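Report on the structure given below.
In our numbering, the protein residues as written are 437 to 587.
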């Protein structure tokens, strides 16, 4: 596996567009094949009767919500770049991985980066996206921690 950490941004729209290989559109629903996995607390955050499939714009907005909920939060550098984008590619000699294997990798990377703390309902919001190539991307957003993963 070959991970790459991209520069942080203030918006999830651009990293999500990059991962999908297309613009983020309001009518563009992202299925369970596109969204591989997400932050564990999302299931308790959404309503039982809420729609099962969100659009790309809804996912991006959801990742950005903590920035709007906490308008005066800034990093030690004085900026508000809370959206981190990590993409992971398979080495040409690696075997293809199943969706469940990619989901486990996403959770492990999120825990290793400190953006997912098991049992912490206030951990960072993040999603793992089936990218346009043989890779996965994780735009992430910080809720209570700044920066999203330490640096």
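Glycine included, each C-beta is placed from N, C-alpha and C at the ideal position. If you're wondering where the values come from, they're calculated on a predicted model, not measured in any experiment.
According to DSSP, which residues form a beta bridge with residue 465?
-> In the DSSP output, where bridge partners are listed per residue, residue 465 has 491.
Using 10 angstroms around the beta-carbon of residue 519, count the other beta-carbons present and answer buried if the total reaches 16, otherwise exposed.
-> With 16 or more other Cβ atoms from the protein chains shown falling within 10 Å of its own Cβ, residue 519 counts as buried.
Nearest-angstrom Cα distance between residue 496 and residue 503?
-> When rounded, the distance between both Cα atoms is 12 Å.
Comparing the CB of residue 462 with every heavy atom of the ligand ZN, is any distance shorter than 7 Å?
-> By its list of ligands, the structure shown contains no ligand whatsoever, and the ligand ZN lies outside what it can speak to.
Take the Cβ of residue 589 as the centre, count every other Cβ of all protein chains shown within 10 Å, and call the residue buried at 16 or more, exposed below.
-> There is simply no residue 589 to check, as the chain begins at 437 and stops at 587 in what is shown.
Might you give, ordered along the chain, the residues of its own chain that have their beta carbon closer than 7 Å to the beta carbon of residue 463, omitting 5 neighbours on each side?
-> 491, listed in sequence order.
Is the distance from the Cβ of residue 474 to the Cβ of residue 563 below 8 Å?
-> Closer than 8 Å, so yes.
Would you please state the rounded distance, in angstroms, between the beta carbons of residue 548 and residue 472? I believe it to be under 8 Å.
-> With a Cβ gap of about 17 Å, residue 548 and residue 472 do not count as contacting.
With a threshold of 16 other CB atoms inside 10 Å of the CB of residue 565, please say whether the residue is buried or exposed.
-> Answer is buried; the Cβ neighbour count reaches 16.
With distances taken between CB atoms, is the gap from residue 447 to residue 500 smaller than 8 Å?
-> Yes, these two residues count as a Cβ contact at 8 Å.
Take residue 513 and list the residues in its own chain whose beta-carbon comes closer than 6 Å to its own, dropping the five residues that flank it on each side.
-> Cβ within range, chain order: n/a, list empty.
Can you pull the DSSP bridge partners for residue 445?
-> Under DSSP, residue 445 forms a beta bridge with 519.
Rounded C-alpha distance that separates residue 470 from residue 558 = Rounded to whole angstroms, residue 470 and residue 558 show a C-alpha spacing of 24 Å.
Write down the C-beta distance between residue 523 and residue 440 rounded to the nearest angstrom, noting that I regard them as a contact closer than 8 Å.
-> About 5 Å; that satisfies the 8 Å criterion.
Proximity below 8 Å, CB of residue 561 to CB of residue 521 = Not closer than 8 Å, so no.
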